[in-house]
Amino acid sequence: MMYLLTRVSMHMIRCVERWADKGGAIVWRKDLYIQEALRQLSNTDFYTRVEGDPTSHQQNTITTTVKDLIREEQLPANAVNLIQDNPHCATFYLLPKIHKENNPGRPIVSTVSCPTELISKYLDSIFAPLVTRLPTYIKDTSDSIRLFNDFTFRGDESNRYLFTMDICSLYTNIPTADGLRALEHFLDRYPSDDRPNTPTLLRLAELVLNLSAFEFNKEEMLRSYHENHPVIFKRYIDDYIGVRTSSKHELEDFINYVNNFHPSLKFTHDISDATVNFLDISVFITSHGLTTDIHYMETDSHSYLRYESAHPPSCKNSIPYSQLLRLRRICGDDKTFESRSKEMAEFFWQRGYPEEIIGKGLKRASSLTQLQVLERKETCNNARIPLVMKCNMTTKHIAKAIIDNTEILLADHTTHRIFGTNPVILAYKREKSLRDHLVRSALPSPENISPCTTSFRRPRCNTCDHVILGENVTGPKAVWYVKEKFTCISSNIIYALSCSRCGQLYIGETKRRLADRVTEHLHSIRIQTAGLPITAHFNSPGHTIDDLKVCVLKSCRGDKERKTMEERLIYQLGTLHPNGINSLFRSFQQPTMTL
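Those letters in the sequence shown? Residues 1 to 595, by the UniProt record's numbering.
The structure is reproduced here in structure tokens:
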């Protein structure tokens with residue numbers, strides 16, 4: 001696996017904001033963050049330093065492989081959608097493990113827009129259902145509790161042990177060849193006509209394994225163990241839990257066997273004849289079986305949403321009940337639930353929740369038994385399409401207007417096809433939080449570099465002569481302050497074309513390089529392409545092509561964000577004709593991909 005160490009620079013600002021691996025937001029001193037990152041990246045068993053950006057080579061490899069598979073009719077023609085447009089190098093970053101000694105970082109590779117992202121998503125849609133069929137699979141906490149509740153000990157009471165195991169650095173220890181063999185084994189074991197053949201899927205998986213990180217599930221160790229098996233042995237990602245009715249010495253032999261099963265996979269473990277912690281639950285041995293209680297990490301600050309927040313009342317009022325319902329699900333007996341619910345009520349009282357809201361939630365949760373809460377509910381396939389809006393003061397008024405005028409939407413031919421004859425379902429998603437604004441995968445830009453668009457002065461570049469320097473762009477209605485540094489080869493961006501003669505602006509977007517898009521604009525002006533607002537403006541009396549200036553306003557993460565931000569800035573800066581150069585908004589429909 002190869003990652004660019006140039007992503008970790010020693011010339012950055014002094015602090016890095018990160019979300020803790022298990023806990024709240026953390027401000028990490030930048031020199032210590034970089035020191036920890038370089039410590040991990042210097043391990044040549046896992047990482048190899050490369051000179052330059054391998055993205056172009058990786059993209060060419062993926063493009064060639066996918067097109068070869070299409071030509072060989074192993075993939076359908078629309079598999080070209082697996083090829084990422086304008087990919088970027090994956091970004092290495094760390095999440096601080098504040099619950100561990102010396103606070104090491106958990107290595108994460110952000111693969112957003114990297115060459116293998118789309119292939120990984122496609123493979124995940126195929127491999128994920130296979131995981132649920134493995135004998136050690138556990139879906140979640142509720143699935144675990146059902147398992148523990150159904151378990152009954154038999155035999156000698158003196159030889160009853162719980163144990164947990166955790167794979168050390170699973171994601172950096174995956175051997176490529178063994179990963180592919182594991183995938184081949186389970187693909188052949190669970191065949192399907194609804195997917196490409198095994199060799200094709202392995203070729204795609206090999207791309208992901210060799211060009212980025214990949215996860216696989218190792219299930220062979222238990223089947224090849226010839227002694228008495230644990231009576232329970234289950235796994236959630238890299239965490240295992242088991243129950244063994246044997247001597248402690250025999251259990252330690254089993255764990256030693258597992259630790260020596262593969263040279264790349266090593267486990268830490270915990271053995272107890274009383275209790276162990278697994279996921280968010282504590283599991284206890286009773287006289288006949290197992291029982292459970294809630295488990296809080298030492299770093300859990302119980303920082304639930306404060307009641308004074310601007311979130312919808314329905315959202316805030318439901319939080320105490322949902323958390324108390326979680327307690328009812330996890331706590332194995334009424335006495336434990338009663339104690340834990342009083343503790344939970346105190347947490348919410350400290351966050352400003354009215355006693356009435358807490359009391360209602362407690363009354364509802366207390367009226368249910370653990371068995372009722374754990375009962376599997378049938379999935380409801382509701383075909384109604386929700387209208388999703390961000391939650392803020394403006395959308396609250398919009399929501400009220402929609403509810404008050406639902407009959408208009410249902411009577412209109414266009415909206416009737418969307419919503420049918422049912423009332424509109426309103427759904428909210430949150431606005432950006434401080435975490436969203438502060439936490440980034442990549443390290444922030446150096447303080448001594450001003451945000452602006454700069455020229456590379458590349459030979460034969462048509463854009464560099466038109467680049468304007470500056471940290472802000474002024475429109476008829478507002479000023480936009482540039483917060484990043486861009487060049488003529490920046491891609492996936494929102495840009496502004498300005499007229500140095502009259503000051504009017506045009507806002508545009510492109511997923512390609514800025515230079516490529518500006519070259520198209522310049523060409524259309526020269527040949528006077530009809531029907532384009534840019535062409536009409538710079539060919540109007542008193543204007544020339546030399547009046548065109550360009551700068552980048554913002555980078556984006558994908559098509560939807562880019563096109564939405566373009567329309568937002570057109571409105572925010574007021575660049576629609578006649579005050580600006582833009583014509584009417586273009587509608588955007590997110591593309592879909594099916595194979």
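Beta carbons: idealized from backbone N, C-alpha and C, even for Gly.
- Of the residues His-269, Val-208 and Ile-385, the one whose Cα lies closest to the Cα of Ile-418 is Ile-385.
- For Leu-211 and Gly-179, the gap between their C-alpha atoms comes out near 14 Å.
- Rounded to the nearest whole angstrom, the C-alpha separation of Leu-290 and Phe-233 is 14 Å.
- Tyr-571 has its alpha-carbon roughly 21 Å from the corresponding atom of Lys-511.
- Each of Ile-494, Thr-474, Gly-359 and Glu-431 was checked against the Cα of Lys-554, and the nearest Cα belongs to Ile-494.
- When the alpha-carbon of Ser-366 is set against those of Ser-322, Pro-354 and Ile-237, the nearest one is in Ser-322.
- In this chain, the beta strand (DSSP E) harbouring Phe-163 covers 161-167.
- DSSP places Met-297 in no alpha helix (DSSP H); its state is neither H nor E.
- Counting along the chain, the unbroken alpha helix (DSSP H) around Gly-179 starts and ends at 176-189.
- With a cutoff of 8 Å on beta-carbon distance, Leu-123 and Leu-201 are scored as near each other.
- Val-473 and His-466 have their C-alpha atoms some 15 Å from each other.
- Glu-252 and His-57 have their C-alpha atoms spaced approximately 47 Å apart.
- Put simply, the backbone Cα of Val-482 is about 14 Å away from that of Met-565.
- Of the residues Thr-519, Ile-138, Arg-501 and Ile-294, the one whose Cα lies closest to the Cα of Asp-238 is Ile-138.
- Within a 10 Å sphere around the beta-carbon of Ser-491 sit 16 or more other beta-carbons, which makes this residue buried.
- By DSSP's assignment, Ile-493 forms a beta bridge with Thr-510 and Ser-555.
- Contact between the segment 101-111 and the segment 155-163 is absent: fewer than 3 CB-CB pairs across the two stretches fall below 8 Å.
- Secondary structure remark: continuous beta strand (DSSP E) runs of at least 3 residues inside the segment 400-440, in chain order: 425-429.
- Rounded to the nearest whole angstrom, the C-alpha separation of Glu-250 and Asp-194 is 44 Å.
- Collapsing the DSSP output to three states places Asp-239 in a strand.
- Rounded to the nearest whole angstrom, the C-alpha separation of Val-231 and Ile-319 is 37 Å.
- For Asp-31, the secondary structure class from DSSP, reduced to helix, strand or coil, is helix.
- With a cutoff of 8 Å on beta-carbon distance, Leu-75 and Pro-196 are scored as near each other.
- Counting of Cβ neighbours within 10 angstroms places Ile-525 among the buried residues, the total reaching 16 or more.
- Contact annotation, Leu-327 with Phe-337: C-beta distance approximately 6 Å; criterion of less than 8 Å satisfied.
- For Arg-384, the three-state secondary structure derived from DSSP is coil.
- The alpha-carbon separation between His-537 and Gly-558 amounts to approximately 29 Å.
- As a beta-bridge residue in DSSP terms, Lys-390 pairs with Lys-429.
- In this structure Ile-62 touches Thr-116 by the C-beta definition: roughly 7 Å separates them, less than 8 Å.
- Bridge pairing for Gly-289: Thr-152 [DSSP].
- With respect to Pro-533, Ser-583 sits close: the two C-beta atoms are nearer than 8 Å.
- The residue among Leu-130, Ser-142 and Leu-426 with its C-alpha nearest the C-alpha of Phe-186 is Leu-130.
- Listed in chain order, the non-local C-beta contacts of His-269 below 7 Å within the same chain comprise Phe-163, Thr-164, Met-165 and Ile-255, local neighbours out to five positions each way being set aside.
- In the DSSP assignment, the residues bridged to Val-276 are Val-283.
- Nearest Cα to Ile-408 within the set Pro-423, Lys-396 and Arg-244: Pro-423.
- Counting along the chain, Thr-336 sits inside the alpha helix (DSSP H) bounded by residues 334-350.
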